[in-house]
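Comments concern the structure below.
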Amino acid sequence: MKRSNKGIIMFFAAISLIMIVLGTCFVFKDSISKLDSPKEGNEISDTAKKPVEKPKKTTSNSGKVAYITIDDGPSKYTNRILDILDTNGVKATFFMIDGNMKKYPDEVKRVQEEGHSVGFHSVTHEVKELYKTPEATVKEFETCQETFLDLTGEVSNLIRVPYGSKPYMPEKSHEALAKNGYIMWDWNLDTQDWKGTTDNIVSNVLYYGRDNPNLVVLIHEKEQTVEALDSMIKVLKERDYNIVPISEDVKALNFWDKSI
Ligand SMILES: [Zn+2]
1 MKRSNKGIIM FFAAISLIMI VLGTCFVFKD SISKLDSPKE GNEISDTAKK
51 PVEKPKKTTS NSGKVAYITI DDGPSKYTNR ILDILDTNGV KATFFMIDGN
101 MKKYPDEVKR VQEEGHSVGF HSVTHEVKEL YKTPEATVKE FETCQETFLD
151 LTGEVSNLIR VPYGSKPYMP EKSHEALAKN GYIMWDWNLD TQDWKGTTDN
201 IVSNVLYYGR DNPNLVVLIH EKEQTVEALD SMIKVLKERD YNIVPISEDV
251 KALNFWDKSI
């Protein structure tokens, strides 16, 4: 009896020891796997989540800037242009012709009120008239300024001369404009929208908008341009451009200074 009791005790002692050893191994193994995998797992899940959680970009830190400049308005298309710019949350620069400001005064006010930049694009839009004398050149832009002041109470010194500042503008006209404080802008991406289809316009932005950190995009107030505008903006945003209006404190880019 004594002997068998001892055997039973030994048996249970052995079983307990085995269970303790197995249990310890199991817990240890579990804690090792906890040390290894969760960190890696978290990293993987963070990386996997990023593209899904990526917020819709409104600004970029790329340092790339694109100015959308719109010539020859305002026009019957101005409100549609403004709606598209607004939907995309971007501001542009409108270079306006004097007679069109007088014809579309509400559009001029809306452009100004919605925070876009306004510059002037002459009265006659005719090389022969605009450059007849240096005084005639300055006078055309003064007239634009007066019209804009009457409509909005605001002033602007930004200008774009018709057909660009080269090759038509004579030296004397250039000097007179500079002396009177006008800030002249040309462009470096001509969408050729006045003669193109909507697809051509977007292709031109895709093709000519490569590898340039400072884009000045030229468009006009035309039906096909209005149709292309939303895609153009999306292309520029995809390429990490900050789309901003021209301001007077930025160094003007023009053909005359060879800065563009
Ligand atoms: Zn023009």
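Mapping of the sequence shown onto UniProt numbering: position 24 corresponds to residue 24, and the numbering continues sequentially without gaps. In this text, a Cβ means the ideal position worked out from N, Cα and C, and glycines have one as well.
Nearest C-alpha to R160 among R110, G89, D199, L130: L130.
With a threshold of 7 Å, the Cβ atom of D72 counts as near ligand 1, since some heavy atom of the ligand is closer than that. The Cβ atoms of T78 and E113 lie no closer than 8 Å to each other. Taking 4 residues as the minimum length, the alpha helix (DSSP H) runs contained wholly in the stretch 116 to 145 are 127 to 130, in order along the chain. In this structure, the CA atom of T152 is about 10 Å from the CA atom of R110. For the pair Y241 and K64, the CB atoms are nearer than the 8 Å cut-off.
Assigned with DSSP and collapsed to three states, M169 falls in coil, not helix or strand.
With a threshold of 7 Å, the Cβ atom of P167 does not count as near ligand 1, since no heavy atom of the ligand is closer than that. Counted as a single uninterrupted DSSP element, the beta strand (DSSP E) harbouring L218 occupies residues 214 to 220.
Pairing Q224 with V202, the inter-Cα distance amounts to about 10 Å. With respect to the C-alpha of H125, the residue from Y163, G115, V118 having the closest C-alpha is Y163.
The stretch 164 to 174 and the stretch 115 to 122 do not touch, with fewer than three beta-carbon pairs separated by less than 8 Å. The three-state reading of DSSP puts D249 in coil, since its state is none of H, G, I, E or B. For G73, the three-state secondary structure derived from DSSP is strand. Excluding its 5 nearest sequence neighbours in each direction, N212 has C-beta neighbours in its own chain below 7 Å: N188, listed in chain order. Checking the 7 Å criterion, the Cβ of P162 is within range of a heavy atom belonging to ligand 1. Annotation: T225 is outside any beta strand (DSSP E); the continuous alpha helix (DSSP H) that includes it extends over 223 to 238.
If you look at T93, you'll find it isn't in any alpha helix (DSSP H); it sits in the beta strand (DSSP E) that goes 93 to 96. Burial is judged here by how many other beta carbons sit within 10 angstroms of a residue's own beta carbon; D249 has fewer than 16 and is exposed. Annotated as proximal: I246 and W185, with beta-carbon spacing under 8 Å. Taking non-hydrogen atoms of ligand 1 into account, the C-beta of H121 is found less than 7 Å away from one of them. Under a 10 Å Cβ-count criterion, K237 is classified as buried, with 16 or more other Cβ atoms of the shown protein chains found around its own Cβ.
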